[in-house]
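Let me begin by presenting the structure, written as structure tokens, before commenting on it.
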Amino acid sequence: MYLHPNLICKNLLGVINLEKLVIQGGTPLRGEVNISGAKNAAVAILPATLLINGTCRIENLPNISDVKLYCDILEQLGAKIKWHSSNEITIDTTNINCKEDIVEITRKFRASYYLIGSLLGRCGEVQVGLPGGCNLGARPIDLHIKGFEALGATTNITQGNIRATADHLVGTSIYLDIASVGATINIMLASVLAEGTTIIDNAAKEPHIVDVANFLNTMGANIRGAGTDIIKIHGVKELKGNTSYSIVPDQIEAGTFMLAAISSRGDIIVKNCITKHLESIIAKIIEIGGHVDANGDKLRVWCNKRPTKATIKTLPYPGFPTDLQPQMGVVLSTAEGTSIINEGIWESRFQYTAELNKMGAHITAQGKSAFFEGVDKLVGAPVYVTDLRAGAALIIAGISAEGITEVYNLEHIDRGYENIEEKFRKLGAKIERTIE
Ligand code: EPZ
């Protein structure tokens, strides 16, 4: 059997993974889908529990591999985790071993950088493996480091690890050159227990930033202004916990299903979502000829004709999210006319376009721009996932295409989407996971 080089990849446990999704395309999606808790909130709230001297219950936790890996790290650090269901846990972080070596396990995924902020706050010292660049291009953490050092920490990077120490963290004003999601959350985590007030200027405003702040405030922190570009964190002596918190619905998962409905010319109801978080996506869907009808926490999304071309630039929230750019790219690949997408966040987020071209799309990607010359239809082909959102996009492409699409490298998708094929199957898609 010939193995495409991308196929010979290892999952998080180091096991060679030959799973694939087989999709028989051409069925317009119909029915209802329930949105899970937000991945990017969950991977920040789990390390935030390390700041609590006690227990907390977390509800609406997405059942995804990034969450499982984070729970493994917390347990390695000495936290006790009780699973009430696959979406609900109680974490007891009373006894944490600050000296535990977590370098190897933290190197496995990017969001482990939140342990720097939370363990600095809890222990005054931390060493984690630095996640390398990834399929989206370079992903520096200089702004995180600038924030920690402004709070009084010392940081050293050696042999691919970052070590940060601080006898005492003291609040200060920090201006972020870029409204970075990760730096905003990490500085918030480090300053919750610091002395005095920390002000983050030019903070990111994504819904998961507000969610992390709400979680910390529920546990006893004093954070004001999350969701605006100035966040003030008044340091408190301790976080007591002993309460529960429900994670916000995943804006990106909701947008993924909305765009799948448009791409497949379907008619679906997206349940358990926050319409306010989806405004930029709703506006674009309407602009290209789709329909959206909001009713409380439900959105009906449908499209009965070929969409029209659009020009899109991805931007920090409340702009059009980079994490929905590939899914929108699939929609535009069969729109009437030539569309343009400018990627405003990541330097390399068009790798999926080469896979779409294998399915008959006409896309030219150059640097941070891509031109989508709309074709009548996509045709099924074997395709290889390069990152999480590219994976969602290729599934949407397979569902919308004529014939059979095989999607490989599923571990990227499992990192961030709960039961994705089951959710699509309930909407009528013909999709199965198999092992070669
Ligand atoms: C978060 O990544 C998300 N990840 C990403 O989700 C998302 O694409 C991104 O925000 C933008 O919305 C998590 O929340 C775990 P940034 P993050 O710091 O925090 C530059 C997904 O598919 N930058 O806001 O790493 C950076 O290079 C993903 O779910 C610096 O230069 O993103 C980028 O160009 C992938 N120095 C821009 O800022 C820094 O110190 C925004 O990055 C930090 C960032």
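Under numbering that gives the first Met the number 0, the residue at position 141 of the sequence shown is numbered 140, and the numbers go up by one with no gaps.
Built from N, CA and C at the ideal position, the CB exists for glycine as well.
Legend entry - Straight-line gap, Lys275 to Asn408 (C-alpha atoms, nearest Å): The residue labelled residue 275 in the question sits at position 276 within the sequence shown. The residue labelled residue 408 in the question sits at position 409 within the sequence shown. Near 33 Å, if we compare the C-alpha coordinates of Asn408 and Lys275.
Legend entry - Inter-residue Cα distance where the pair is Ala428 and Thr385: Here the question's residue 428 lines up with position 429 in the sequence shown. Here the question's residue 385 lines up with position 386 in the sequence shown. Roughly 23 Å separates the two Cα atoms.
Legend entry - Short Cβ contact (8 Å threshold) for Gly328 with Ala392: Indexing the sequence shown from 1 puts residue 328 at position 329. Indexing the sequence shown from 1 puts residue 392 at position 393. Cβ atoms of Gly328 and Ala392: closer than 8 Å.
Inset, instruction - Would you mind stating whether Val66 and Leu73 have Cβ atoms separated by less than 8 Å? - result: Locating residue 66 in the sequence shown gives position 67, counting from the first residue. Locating residue 73 in the sequence shown gives position 74, counting from the first residue. No, Cβ-Cβ distance for Val66 and Leu73 is not below 8 Å.
Legend entry - For Asn271, the three-state DSSP class (helix, strand or coil): Here residue 271 refers to the residue found at position 272 of the sequence shown. Coil, per DSSP.
Legend entry - Residue nearest to Thr89 in terms of C-alpha spacing, selected from Asp166, Tyr244 and Met187: Reading the sequence shown from its first residue, position 90 is the one you call residue 89. Taking only the C-alpha atoms, the option nearest Thr89 is Tyr244.
Inset, instruction - Check Glu237 in the structure and name its three-state DSSP category. - result: Your numbering for residue 237 matches position 238 in the sequence shown. Looking at Glu237 - three-state DSSP - the assignment turns out to be coil, as it is neither helix nor strand.
Inset, instruction - Over the uninterrupted beta strand (DSSP E) stretch that includes Gly30, give me the two end residues. - result: Stepping through the sequence shown from its first residue, residue 30 is reached at position 31. First-last of the beta strand (DSSP E) with Gly30: Arg29 to Asn33.
Inset, instruction - Report the option in Leu49, Ile311, Glu435 and Asp200 whose CA atom is closest to the CA atom of Gln75. - result: Numbered from 1 along the sequence shown, position 76 holds the residue referred to as residue 75. It is Leu49.
Legend entry - Selection from Tyr174, Arg56 and Glu346 that minimises the alpha carbon distance to Asn134: Counting from one through the sequence shown, the residue named residue 134 turns up at place 135. The shortest Cα separation from Asn134 among Tyr174, Arg56 and Glu346 belongs to Glu346.
Inset, instruction - Decide if Ala165 is buried, meaning its Cβ has at least 16 other Cβ atoms within 10 Å, or exposed. - result: The residue labelled residue 165 in the question sits at position 166 within the sequence shown. By the neighbour-count rule (16 or more Cβ atoms within 10 Å), Ala165 is buried.
Legend entry - Chain-order list of residues whose beta-carbon lies under 7 Å from that of Asn185 (same chain, five-residue window excluded): For the purposes of this step, residue 185 is taken as residue 186 along the sequence shown, with counting starting at 1. Here the set comprises Tyr112, Tyr113, Ile115, Gly116, His143 and Gly146.
Legend entry - Segments of 3+ residues assigned as beta strand (DSSP E) that fall wholly inside the region 85-137: 87-91 and 124-128
Inset, instruction - Can you tell me which of Lys239, Ala202, Glu237 and Lys236 puts its alpha carbon nearest to the alpha carbon of Arg223? - result: Here residue 223 refers to the residue found at position 224 when the sequence shown is read from its first residue. Among Lys239, Ala202, Glu237 and Lys236, the Cα nearest to that of Arg223 belongs to Ala202.
Inset, instruction - Can you give me the Cβ contacts of Ile303 inside the same chain, cut-off strictly under 7 Å, excluding the 5 residues immediately before and after it? - result: The sequence position of residue 303 within the sequence shown is 304, counting from 1. According to the sequence displayed, residue 303 carries Asn and not Ile. So the list reads Arg264, once near-sequence residues are dropped.
Legend entry - Burial state of Tyr316 (16 or more Cβ within 10 Å): By 1-based counting over the sequence shown, the position of residue 316 is 317. So Tyr316 counts as buried.
Inset, instruction - Kindly indicate which residue of Gly53, Leu129 and Val125 has the alpha-carbon position closest to the one of Thr92. - result: Counting from 1 along the sequence shown, the entry for residue 92 is found at position 93. Closest option to Thr92, Cα to Cα, is Gly53.
Legend entry - Three-way DSSP call (helix, strand, coil) for Leu20 in this model: For the purposes of this step, residue 20 is taken as the residue at position 21 of the sequence shown. Three-state DSSP puts Leu20 in a strand.
Inset, instruction - Name, in chain order, the residues that DSSP records as bridge partners for Asp292. - result: The sequence position of residue 292 within the sequence shown is 293, counting from 1. Answer is Arg299.
Legend entry - Check whether Cys272 and Pro306 have beta carbons under 8 Å apart: Taking the first residue of the sequence shown as 1, we reach residue 272 at position 273. Taking the first residue of the sequence shown as 1, we reach residue 306 at position 307. Cβ distance not < 8 Å, so Cys272 and Pro306 don't count as in contact.
Legend entry - Coarse secondary structure for Arg162, derived from DSSP in three states: As a first step, residue 162 is located in the sequence shown; it is residue number 163 there, counting from the start. Of the three classes helix, strand and coil, the one that applies to Arg162 here is strand, per DSSP.
Legend entry - Identity of the residues DSSP links to Ala225 by a beta bridge: Counting from 1 along the sequence shown, the entry for residue 225 is found at position 226. For Ala225, which the question treats as bridged, DSSP gives the partners Thr227.
Legend entry - Distance, Val382 Cα to Ile230 Cα: Working through the sequence shown from its first residue, we reach residue 230 at position 231. Working through the sequence shown from its first residue, we reach residue 382 at position 383. Whole-angstrom Cα-Cα distance: 43 Å.
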